[in-house]
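> Numbering follows numbering that gives the first Met the number 0, with no gaps: position 112 of the sequence shown is 111. What follows is a structure written as structure tokens; I'll ask about it next.
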Amino acid sequence: MSRRMARLERRDKRMSVIRVGLLLGVCILALGIIYRFSVNTISTISKLSRDIKVVEYGSMEDKASGKAVVLNKEDVVLAESNGHFENIVKEQEKISKGALLGYFVNAQGQIPIRAQESGTFIRKIDGLEQVFQNIDLQTVTPEIYKYKTTQVKEDQPVIAGQPVFKIVDSLVPTRLLVHFPQNSINFDVKLEQQVKVLMGGKELGNATITNMRQDSGELLLIVQFKGFRDELLQQRFVDVDVAFDSSSGYLIPEKALVESDGKKGIYCSNGEDISFKPVTIVKTKDNICLVEGLKQNDMIVTNPPK
Numbered sequence: 000m001s002r003r004m005a006r007l008e009r010r011d012k013r014m015s016v017i018r019v020g021l022l023l024g025v026c027i028l029a030l031g032i033i034y035r036f037s038v039n040t041i042s043t044i045s046k047l048s049r050d051i052k053v054v055e056y057g058s059m060e061d062k063a064s065g066k067a068v069v070l071n072k073e074d075v076v077l078a079e080s081n082g083h084f085e086n087i088v089k090e091q092e093k094i095s096k097g098a099l100l101g102y103f104v105n106a107q108g109q110i111p112i113r114a115q116e117s118g119t120f121i122r123k124i125d126g127l128e129q130v131f132q133n134i135d136l137q138t139v140t141p142e143i144y145k146y147k148t149t150q151v152k153e154d155q156p157v158i159a160g161q162p163v164f165k166i167v168d169s170l171v172p173t174r175l176l177v178h179f180p181q182n183s184i185n186f187d188v189k190l191e192q193q194v195k196v197l198m199g200g201k202e203l204g205n206a207t208i209t210n211m212r213q214d215s216g217e218l219l220l221i222v223q224f225k226g227f228r229d230e231l232l233q234q235r236f237v238d239v240d241v242a243f244d245s246s247s248g249y250l251i252p253e254k255a256l257v258e259s260d261g262k263k264g265i266y267c268s269n270g271e272d273i274s275f276k277p278v279t280i281v282k283t284k285d286n287i288c289l290v291e292g293l294k295q296n297d298m299i300v301t302n303p304p305k
């Protein structure tokens with residue numbers, strides 16, 4: 000083989016090697032571009048699919064609905080003879096001890112009637128004042144909530160011994176005798192526990208459990224408000240909701256919780272990045288968790304990566 004042919008052969012080999020190298024370089028570059036594009040695409044899709052919202056602060060309660068009897072300190076005045084009573088004070092008027100309330104009219108004439116105690120004058124008697132005057136929780140049965148009230152008409156004559164009016168002591172805190180079916184209570188209830196009482200969705204106030212009885216699939220409580228409740232003055236049987244335990248904190252979906260290094264937490268978004276933040280679970284109810292450890296305006300990821 001001539002020298003010229005040998006040089007041409009060596010040149011062709013070098014060109015082949017260069018072409019192969021260039022082809023490999025192009026392939027590697029293309030694979031790199033595809034890989035980077037895939038990573039960016041996955042990252043973009045992941046970011047777009049995140050469900051991010053501002054964390055919500057709120058409360059979670061253990062609540063139950065029950066039937067209640069209103070218990071006030073009521074002094075009932077009975078007719079001493081047959082006749083009728085003509086009051087000169089208005090219904091629910093505040094009166095003082097010794098105030099002239101009206102006159103009892105009988106065959107002998109008019110007899111002035113004065114208040115034996117101070118309080119609130121109530122002309123409308125429901126007939127159950129004496130029944131609930133000294134209630135014994137140990138003898139109470141659900142039948143007590145089926146008692147019927149019997150209103151005394153103001154313009155009707157009364158006979159001796161019949162209730163005429165009553166004075167309600169508004170300085171004595173109002174109490175409720177509340178009945179719950181046992182299957183409506185799936186949490187602990189204790190004496191001296193503080194509760195919140197609601198009627199018709201409206202909050203009546205805080206009260207304390209002063210007595211309780213739990214047996215035969217039923218729970219009976221006597222709860223006492225901190226003061227007199229005017230809203231219940233002319234009520235006897237009412238439907239109430241009682242919140243036994245109320246906790247406040249940040250509310251998050253239970254599905255948003257993740258575990259990292261043995262700690263429960265949640266992912267928070269910071270721009271394009273997310274970071275793990277440990278939280279303390281206070282209470283869980285209906286797939287919602289009340290937690291501590293977050294801050295106001297934290298942006299939480301409710302569908303975190305697994």
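Glycine is no exception: its CB is placed at the ideal position from the N, C-alpha and C atoms. On a predicted model such as this, the values are computed, not experimentally measured, just so you know.
CB Lys52 to CB Ile265, shorter than 9 Å?
No, these two residues do not count as a Cβ contact at 9 Å.
> I believe Thr301 touches Asp50 by the beta-carbon criterion, under 8 Å. Please report the beta-carbon distance rounded to the nearest angstrom.
Their Cβ separation, rounded to whole angstroms, is 5 Å, which keeps Thr301 and Asp50 in contact under 8 Å.
> Across which residues does DSSP place Leu289 in a beta bridge pair?
According to DSSP, Leu289 bridges with Leu250 and Lys282.
> Going by CA-CA distance only, name the one from Leu203, Leu220 and Lys93 that's closest to Gln192.
Looking at the Cα atoms, Leu220 is the closest of the given residues.
> Across which residues does DSSP place Ile112 in a beta bridge pair?
According to DSSP, which records beta bridges pairwise, Ile112 is partnered with Gly101.
> Just mark Ile158 as buried or exposed, buried being the case when its beta carbon has 16 or more other beta carbons within 10 Å.
Exposed: under 16 other Cβ atoms inside 10 Å.
> Under 9 Å between the Cβ atoms of Ala242 and Val188?
It is not a contact, given that the beta carbons lie outside the stated cut-off.
> Return the chain-ordered list of same chain residues with a C-beta closer than 7 Å to the C-beta of Ile320, the five sequence neighbours on each side being excluded.
Residue 320 is absent from the model: the chain starts at 0 and stops at 305.
> Taking 8 Å as the threshold, find out whether the stretch 194–213 comes into contact with the stretch 249–258 through three or more Cβ pairs.
Result no; under three Cβ-Cβ pairs closer than 8 Å.
> If you reduce the DSSP assignment to three classes, tell me which class Asn145 lands in.
Per the sequence shown, the amino acid found at residue 145 is Lys instead of Asn. Lys145 falls in the helix class under three-state DSSP.
> If you count every other CB in all the chains shown that lies within 10 Å of the CB of Leu170, and 16 or more means buried, which is it?
Counting Cβ neighbours within 10 Å, Leu170 comes out exposed, since fewer than 16 surround it.
> Which value, in whole angstroms, describes the spacing of the CA atoms of Ile184 and Glu85?
Whole-angstrom Cα-Cα distance: 49 Å.
> Name the DSSP bridge partner or partners of Ile208?
Answer by DSSP bridge pairing, in chain order: Val222.
> Which runs of the beta strand (DSSP E) at least 3 residues long sit entirely within the stretch 48–102? Give them in chain order.
Listed in chain order, the complete beta strand (DSSP E) runs (minimum 3 residues) inside the stretch 48–102 are 51–53, 55–70, 73–77 and 83–86.
> Between the Cα of Leu190 and the Cα atoms of Thr173, Gln213 and Val76, which residue gives the shortest distance?
With distances taken between Cα atoms, Leu190 lies closest to Gln213.
> Does the beta carbon of Lys72 come closer than 9 Å to any beta carbon on chain D?
Given the protein chain composition of this structure (a single chain), no chain D is represented.
> Have a look at Gly97 and Asp74 and give me their C-alpha separation to the nearest angstrom.
Distance between the alpha carbons of Gly97 and Asp74: 14 Å.
> Are the stretch 119–130 and the stretch 223–233 in contact at 8 Å, needing three or more beta carbon pairs?
With the cut-off at 8 Å, the stretch 119–130 and the stretch 223–233 touch.
> Measuring CB to CB, does Val306 end up less than 9 Å from Leu176?
No answer is possible for residue 306: it lies beyond the span of the chain, which begins at 0 and ends at 305.
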